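This report concerns only the one structure given below.
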Ligand SMILES: Nc1nc2c(ncn2[C@@H]2O[C@H](COP(=O)(O)OP(=O)(O)OP(=O)(O)O)[C@@H](O)[C@H]2O)c(=O)[nH]1
Ligand SMILES: [Mg+2]
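Residue numbers (the working numbering), protein chains in the order written: chain A, 116 to 1291; chain B, -11 to 219.
Put into structure tokens, the structure is as follows:
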């Protein structure tokens, strides 16, 4: 009959027997099974299935299609891709944006060693800057005019320039020390000098002449003992208390001692000594000595002072080491060098000492320094001019002649290192005003100046000069920071300069600013909010960083405008601004943050972030709340007017979200509190609610389309649902993506929104189910219209129906997983944390209820639909059943046709429905067919039907039972089935048999009673030979029948089947008046024939009757089959037997017989039955 | 609740032969509105699970429960949405109004402000539920906490009645969730009011256009479900 049966047979053959056995056990009460019937196999296969496995599979393939796209593009076109815009498309946009923004910075503690080192590398490298850095080259147009030195060169030249020139020419001509400048001939130097000073030839010649004849200057040897290191230790504690003594070997007794540095092996002295040659000698003599006498040596001796004894206070010096320096080795420009210390007979290293050595002429220190500064100025300007040095590029490298000149000057004027440095600082800073130099120059100088500044080694005048220069330089530094955005991002030179700037600031910030010095004059720093405040360098830097942010923000606003007045464009504009800001922050994070933190410990990015945050928040809060506030709730009536809440609002949301998250990474816990942007979502609340509202509406529309386009054919071979199911799920999927995107941070809101989303999905699912049902009906009608010419119209299940049902189920089973995907559990967990466990549980309960409600409602829909299918099959089934029953001839094939009909339909259902639904519809069809049967029987009870009518139906029932394998399934309605079966059996019997069957049933009923409302009767009975002896003892708990609440009862004995005992005189007891517990205690002997005595199915009936004035009334009866009566010998007295308690009962269902009006036997039986009541 | 629904399938099968079509229940969406703390949640819990919590928490957003009842021989399944009365939840609760069949406007008799706010609640509901025939929508006014001593009462029955008379004449029920006074009656009155209105309107359902009307009442046309409990 069915092709499917053989397949299943093959597949399950190994388990075959097992199932049969199980099936047999369960279906025992339906008699023998036709195990070869195909549906038995299907049933067996079904039984083997674990019910739980199904939802899991569906869950797994749940997004299989939805994750991609709509099967029908047309569907998404109908609403302009409403869901995609906010779902996956928005997600994609955001991903792109995130990529652009770059990853979030790691928190400080997350940084890896490697990164740390890399930074180190990058910045410790001294940048030599050859190329101009465009950004820094920008002239500071807004520089304070007061600081503008207009005629810079002229001013510097105005000062006794000629005097300086002469002094320098003299110096060149009277070099002291050996001449290092082999490459720099005297001539070259003079030429250079002439050019630098822009002196014409006449003047030059004159000066040359004048100076040539002048006396050479007085000579000194200037020694600066700077520091020593790696000294051998002389104390038990591993340290020493070293000091240094120096003398000329020509005068070994004249010693110069440094201070004692205690407890160190690397002392820093920085002490300066002027060693005079023999005062008696003339300068030329001295000069010649230095130049010619090889034996004259300078000497440095390093001794260690050991203990000072408390009692004597006397010193005991211990020698560490010494070095000897030939004077002829000292160049005219002087030099600074490390010298090794030695000790006689000791080869071990004893340490090194750093000395600066230079010959100098007689001088006035103050004048010399001034000269030197002017020299720097003249030479540097000259260098810049002639070498075409770009702005921000000069990093301290002089041309050879300039270098010699400067060195000679500083050496021969006896300038100390710190004087030189200070002079550079002052002059460089001055020139920097006009022609910015590379900041690295200043950084090095600043470091060198720190110690003398800290130790107050400069005179008040020098100090003042230092701070004045510093003030100028700071402005340039801060201004560069302020305009940091002009730096090419990531450019190494720029970074080196920035690093230098920060280094300078850091150095300066460590110095104490004199009270009378206002480093940051309000007129220059317009962006400092409080003009009276004297901020620290660090504060100033912070203000400046902020100002840079503010200016950048304004710059962005000034260069970006919304395209129109519309909300949409306003939103787009805001997004753009945030993106630009975000880009700036990213740049700050990627390029500058680490540097700022490392150099000067300023959290640059955070500082900027907070600056922007205020502005972004203010700006976005206003527009968002405004737009959300103007959102009108949707009026369904005129819903077709523009209902589009574009993605833009949510793009803004997400932009802000990312901004807020960035803040959580950048800022410390406490700082987040007051930050408005951290509650960005609050501004959007109404917007989200609104979107969800629109979403339902749009979703319903889409579902309409999806169903409309659905042809009810499988999407592909592996699945049993069609396009609209996928399309509908895609909508849900997009809603889910939207929600995931939102990542709504407020937990209470999340909970509520999710409740709403799930409820909405439920609504959509139900709407879908409705649409699907209609669609299926329509499709089927169309299909079957073409086939309707067949001789008899009957409903044929179409695949359309199957797909419709599967579709709905597919949607239904995805509700649960979908809800979970929305993050239910996380939300409940978070609620438990932020609120109480109890509240969390209530929320969970609510969500669960909504989900259950949704799935249950949809399931009911499915069952409704199945019912519709079954109902459509009902007429055909009815007809076949009817035909089968009418035919006397049992060889008729109508049952065959019924099964064929069922077969063809069930094959379709089995092939196309998923298993759950097939299972369901089997039951529904069974319900329907069994109801048909019941109705058929019931309706025909009214008419005269031959027993064969019922027995035919009875046979049909059995076939159907086997067919559906009812009973194998616990859920099947066995009781109803039994009832029908009983009824059919009853009505299909020949009358005599029927009557007897009636009594058999009665006995069975009686035996099943535990208690009876009619009471019970106690008797004894025995067979002695062919005599039946009965003792009627009593009756109990009788039902009152009289108005007095009691009864007047007696018992009548009858024997069944009646016709067999017609000749027997039947006894009855006396009447016991007004007693519900009558005591009869009467014995009767009833003689029987042998045949009667041995009748297998004979029964004794005890009829309990109520004796009224006029007639007796039947109350109840009890049955005692002959088979249960003891056979004893005549010696056994009846009194000695066991009492038999019989339940009294009565039946009103004697309908079966009543309806057989044409049957004499039946009529008689009935009249006898009724006369039970009437006969006296 | 969920159990109730899940058994309906079995019921449908089992109860089939006797009364296949007789016992179906109508699904109604009920929302409870009113100021925070007037006892909305308590009313719902009393009604659904006959339980009262002296120290109940403020509702977060919404709460949801199901309850089957029979009124005038008709079976109904009430889907009750209990909303959060606190102002901060306004945007969260309003989306749930749409599609409601019945609205309970609740105040507490010992809280005059909550009574004063009834009008606001009513208009908030009408606005967000997008109800077309506002004047005929089945509202029920519920004055809760009737158990408080008379000295603490701030709203008299007469006053409440007067308000009702001026506002579309909804039924007024004075209840106490605490001692279970009139709670069933309140919900019963609500359903009765709905049924009465429904009978009067007999609104036709447009089935084949987009659910303009279904939005109004998403489940009604399709959600007759068998009542459980036959098994
Ligand atoms: N005396 C008395 N107190 C009640 C009654 N009903 C509720 N309460 C108390 O009122 C308080 C608030 O009750 P809830 O049901 O939580 O109030 P609500 O209206 O749900 O409040 P929100 O959820 O914030 O909107 C609780 O402490 C209850 O114990 C009542 O009938 N009589
Ligand atoms: Mg509440």
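For every residue, glycine included, the Cβ atom is placed at its ideal position computed from N, Cα and C.
All figures in this text were calculated on a predicted structure; none of them were measured in a lab.
Give the DSSP-derived three-state secondary structure of residue 131 of chain B in the structure shown.
strand
Does at least one heavy atom of ligand 1 sit under 8 Å from the Cβ of residue 46 of chain B?
yes
Less than 8 Å between the CB of residue 43 of chain B and some heavy atom of ligand 1, yes or no?
yes
Contact list for the segment 43 to 57 of chain B against chain A, Cβ threshold 8 Å
45, 48, 49, 50, 51, 52, 53, 54
Proximity test, residue 135 of chain B beta-carbon vs ligand 1 heavy atom, cut-off 8 Å
yes
Contacts around residue 1205 of chain A, its chain only, beta-carbon distance under 7 Å, and the 5 residues preceding and following it disregarded
1141
Is there a C-beta anywhere in chain A that falls below 9 Å from the one on residue 20 of chain B?
no
Out of curiosity, what's the CA-to-CA distance linking residue 346 of chain A and residue 385 of chain A?
17 Å
Please compile the residues from chain A whose C-beta is within a distance smaller than 7 Å of the C-beta of residue 16 of chain B.
What residue 16 of chain B touches in chain A: nothing, since even the nearest Cβ is about 13 Å away.
For residue 986 of chain A, return the contacting residues in chain B, with the cut-off set at a CB-CB distance below 9 Å.
Residues of chain B passing the Cβ test: none, with the nearest at roughly 10 Å.
Grouping DSSP H, G and I as helix and E and B as strand, with all else coil, what is residue 166 of chain B?
coil
Closer than 8 Å between beta carbons: that is the criterion. Which residues of the segment 84 to 105 of chain B meet it against chain D?
No chain D is part of this structure, whose protein chains are labelled A and B.
Beta-carbon proximity check, residue 329 of chain A vs residue 289 of chain A, cutoff 9 Å
yes
For residue 34 of chain B, would you say it is in contact with chain A, using Cβ-to-Cβ distances shorter than 9 Å as the test?
no
Is it buried or exposed, residue 1192 of chain A, if we count other Cβ atoms within 10 angstroms and call 16 or more buried?
exposed
At 7 Å on the CB atoms, spell out the chain A contacts of residue 79 of chain B, in chain order.
800, 801, 804
Tell me the start and end of each unbroken alpha helix (DSSP H) in the segment 1218 to 1248 of chain A that is at least 4 residues and wholly inside, in chain order.
none
Report whether the distance from the Cβ of residue 23 of chain B to the nearest heavy atom of ligand 2 is below 8 Å.
no
Let me know if residue 54 of chain B comes out buried or exposed under the rule of 16 or more other beta-carbons within 10 Å of its beta-carbon.
buried
Do residue 1249 of chain A and residue 1136 of chain A have their C-beta atoms within less than 9 Å of each other?
yes
Exposure of residue 110 of chain B, with buried meaning 16 or more beta-carbon neighbours within 10 Å:
buried
Is the beta carbon of residue 656 of chain A closer than 9 Å to that of residue 593 of chain A?
yes
Just checking: is the beta-carbon of residue 82 of chain B within a distance shorter than 9 Å of some beta-carbon in chain A?
yes
Residues of chain B with a CB under 8 Å from the CB of residue 808 of chain A: which are they?
83, 86
Is residue 11 of chain B close to chain A, meaning its C-beta is less than 9 Å from at least one C-beta of that chain?
Confidence in residue 11 of chain B is poor, its pLDDT being 46 and thus under 50, which makes the residue's placement too unreliable to answer from.
When A/529, A/601, A/988, A/1029 are compared against residue 833 of chain A, the one with the closest alpha-carbon
A/1029
Could you name the residues of the same chain whose beta carbon sits closer than 7 Å to that of residue 787 of chain A, not counting the 5 residues immediately before and after it, in chain order?
778, 779, 793
Taking only beta-carbon atoms, is residue 1223 of chain A less than 9 Å away from chain B?
no
Using CA coordinates, which residue listed in A/523, A/1260, A/453, A/463 is at the minimum distance from residue 446 of chain A?
A/523
CB of residue 132 of chain B to nearest heavy atom of ligand 1: below 8 Å?
yes
Residues of the segment 864 to 886 of chain A in Cβ contact with chain B at a cutoff of 8 Å, in chain order, please.
864, 866, 867, 868, 870, 871, 874, 878, 881, 882, 884, 885
Would you say the beta carbon of residue 30 of chain B comes nearer than 8 Å to a heavy atom of ligand 1?
yes
Could you check if residue 1025 of chain A is buried or exposed, using at least 16 other CB atoms within 10 Å of its CB as the buried criterion?
buried
Determine the DSSP secondary structure at residue 172 of chain B, reduced to helix, strand or coil.
helix
Taking one C-beta from the segment 505 to 518 of chain A and one from the segment 468 to 482 of chain A each time, how about it: are there three or more such pairs within less than 8 Å?
no
Against chain B, with Cβ distances strictly below 9 Å, would residue 953 of chain A count as a contact?
yes
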